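Note that the sequence shown covers residues -11 to 201 in this note's numbering. Positions of the beta carbon are idealized from the N, C-alpha and C atoms, including for glycine. Since this is a predicted model, take the numbers as computed values, not measurements. Notes to accompany the following structure.
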Amino acid sequence: MNILKTIMASATGVLMAASCNAATNKEKATVIEPTQETQVTNAREGKALIVFFSHAGENYAVGNITVGNTKVVADYIKDYTHADQFEVVAEKSYDMSYSDLIKVAKEEQNKGEKPAFKGGIDNLDHYDVVFVGTPIWWGTFPQVMFTFFDKYDLNGKTIIPFTTHEGSGLGSVVNDLKKLYPNAKLEKALAVKGTDARSSKERVEKWLLELGF
Ligand SMILES: Cc1cc2nc3c(=O)[nH]c(=O)nc-3n(C[C@H](O)[C@H](O)[C@H](O)COP(=O)(O)O)c2cc1C
């Protein structure tokens, strides 16, 4: 564990660089139940999609988890905004110990590998706002997210990044997205410590409220 802590500490050191959805009509004193359409839209114009990667299993500081930290945050966003979700799941397995995973991830990054992912999105045109969520792996996105970015053009969309991490914060995620999609509009990103993910609901909702959801 000390070795892991050392690796994480060095990774971190190097890389540190209302809306209520149910509309009420007070004049008529009746509650208008949201339709299917209003459930997936919200106070902001346009439909939102949450794209994220998350790794369940043995992870740094949180032990063996069945739901990954980033998925916990992605689910809070979904619950609040009623946005759709697309989880980027690599075809290859990352089911291994944390100490093995950090080596595999580093090697993928060094080699610029682009691991394939399962499934896809048919109707990206449908979405104006795309939340992009990721754990920080060696300072940025896991390589499989770059496979996703190669496949889908998010230029012209509003991108709202969020990360979970253990010290690197947003890492280079925002800069990477700016380079990848120079014609996207990037809005205020959120970084949540992985160990705080499960208790971050209020913080996530406050951020969403500030963003106009
Ligand atoms: C392969 C790997 C590399 C990581 N690299 C970093 C890093 O560079 N900086 C950091 O703060 N945290 C790093 N972490 C910690 C994760 O970002 C953090 O535990 C995150 O919450 C995991 O999210 P998840 O459960 O959704 O996968 C790394 C974790 C793994 C597994």
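Item, Value
"Determine whether the beta carbon atoms of L178 and F150 lie at a separation below 8 Å.", "yes"
"Opposite D179 in the DSSP bridges: which residues?", "The sequence shown places Ala at residue 179, rather than the Asp named in the question. T151, per the DSSP bridge assignment."
"I'd like to confirm the pairing. Which residues does DSSP put opposite G51 in its beta bridges?", "N47"
"Can we count G197 as close to ligand 1, meaning its CB is less than 7 Å from some heavy atom?", "It is worth fixing the name first, because residue 197 is Leu in this sequence and not Gly. Because no heavy atom of ligand 1 lies under 7 Å away, the Cβ of L197 does not count as near it: no."
"May I ask you to check if the CB of E154 is nearer than 7 Å to at least one heavy atom of ligand 1?", "yes"
"So, does the stretch 158 to 165 touch the stretch 66 to 81, judging by three or more C-beta pairs under 8 Å?", "no"
"Assign F40 to one of three DSSP states: helix, strand, or coil.", "strand"
"Looking only at its own chain, which residues have a Cβ that is under 7 Å from the Cβ of L199, when we skip the five neighbours before and after it?", "I148, E175 and K176"
"Specify whether the stretch 125 to 144 and the stretch 48 to 57 touch according to this definition: at least 3 beta carbon pairs, one from each stretch, less than 8 Å apart.", "no"
"According to DSSP, is W126 part of a helix, a strand, or is it coil?", "coil"
"Relative to the C-alpha of I90, which candidate in H43, D72, H114 and V118 has its C-alpha closest?", "H43"
"Please find out if some non-hydrogen atom of ligand 1 comes closer than 7 Å to the beta-carbon of S42.", "yes"
"Let me know if A104 comes out buried or exposed under the rule of 16 or more other beta-carbons within 10 Å of its beta-carbon.", "exposed"
"Would the C-beta of L89 count as close to ligand 1, meaning under 7 Å from any of its heavy atoms?", "yes"
"Looking at A93 and ligand 1, is the gap between the Cβ and the nearest heavy atom below 7 Å?", "yes"
"Within the same chain, show all residues whose beta-carbon is closer than 7 Å to that of N52, passing over the 5 residues directly before and after it, in chain order.", "G45 and E46"
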